[in-house]
Structures are given as structure tokens and as C-alpha cells.
Amino acid sequence: MTTGIALFGYGAMGRAHGMGYRDLVFHYGLRHDAVKIVGVATTRLETAQQAAAELGCEVATTDWRALIAREDVQVIDICTPHDAHEEQVIAAARAGKHIYARSRWRARWTKRNAWLRRLRLRV
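Position one of the sequence shown corresponds to residue 69 (our numbering), numbered consecutively onward.
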């Protein structure tokens with residue numbers, strides 16, 4: 069089975085994550101079809117196209133929701149600015165996707181708790 073990954077954002081962190089996924093087969097001896105980067109979503113189409121070329125993936129888009137909707141995507145890796153995380157995390161969770169996102173929680177415990185409530189209640 070192939071695990072399909074969608075990458076949101078392609079700044080320093082997104083590029084590092086993307087290259088890491090791309091290199092998993094080589095460094096860790098995974099089957100060549102174990103992990104596949106399906107697409108990249110960024111705010112600028114040119115950046116998404118550059119990322120897709122570098123990572124060897126099919127989809128370059130500015131519409132992250134379209135990547136969430138894809139059946140061949142099981143994992144969403146969110147590397148966008150922190151202010152965008154809430155909407156993206158909740159949409160991905162509602163779609164039943166696995167999510168990798170790093171947010172600065174220390175100063176935002178109230179916000180974190182609100183996210184968790186929304187996810188539990190499916191609001």
C-alpha cells in the first residue's frame with residue numbers, strides 16, 4: 069500500500085519535509101512505492117509548480133482543500149504560517165486524514181483547547 073502525502077506550504081520547513089519524504093526510500097530502505105508525495109499547495113502557483121518539479125509529484129495547486137478531498141491522500145503535512153493552521157487542521161481532521169502540524173502552543177493554550185473542542189464536537 070502506498071501512503072499518499074499532501075504538503076501545505078513550501079518555505080524552509082515545507083521544503084525540508086518534502087525532501088525528507090522524497091528521500092525516505094533511499095535512506096531507510098522502504099519499498100519504492102511505500103510513500104508518495106501526491107501534491108503541494110502554496111499561496112503562489114509558481115512556488116507550488118517549482119515544489120512539484122523538485123519533489124516529483126503530480127499536483128501543484130493554490131487550493132489546499134482540493135488536496136484534502138483527494139482519495140489518494142492519507143497524510144496532510146501542514147507547513148504553512150501558524151495563523152493558517154487552525155482551518156487546515158480542522159478540515160483535514162473532518163476528512164479523516166492523518167495530520168502532521170507544528171504550532172506554537174505555549175502562548176495559545178486557549179486557542180488549542182478551542183481547536184480540540186471543535187474537533188471533538190465536529191463543529
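Just so it is clear, CB atoms sit at the ideal spot from N, CA and C, and this is done for glycine as well.
Since the structure is predicted, the reported quantities are computational estimates derived from the model, not experimental observations.
In this structure, the straight-line span from the alpha carbon of G86 to that of G79 is close to 10 Å. DSSP links T71 through a beta bridge to V103. In the same chain as T148, and ignoring 5 residues on each side of it, the C-beta atoms closer than 7 Å to its own belong to F76, G77 and Q156, in chain order. For G164, the closest C-alpha among the options A116, H153 and R138 is that of R138. Put simply, of Q118, R162 and R188 the residue whose alpha carbon is nearest the alpha carbon of G82 is Q118.
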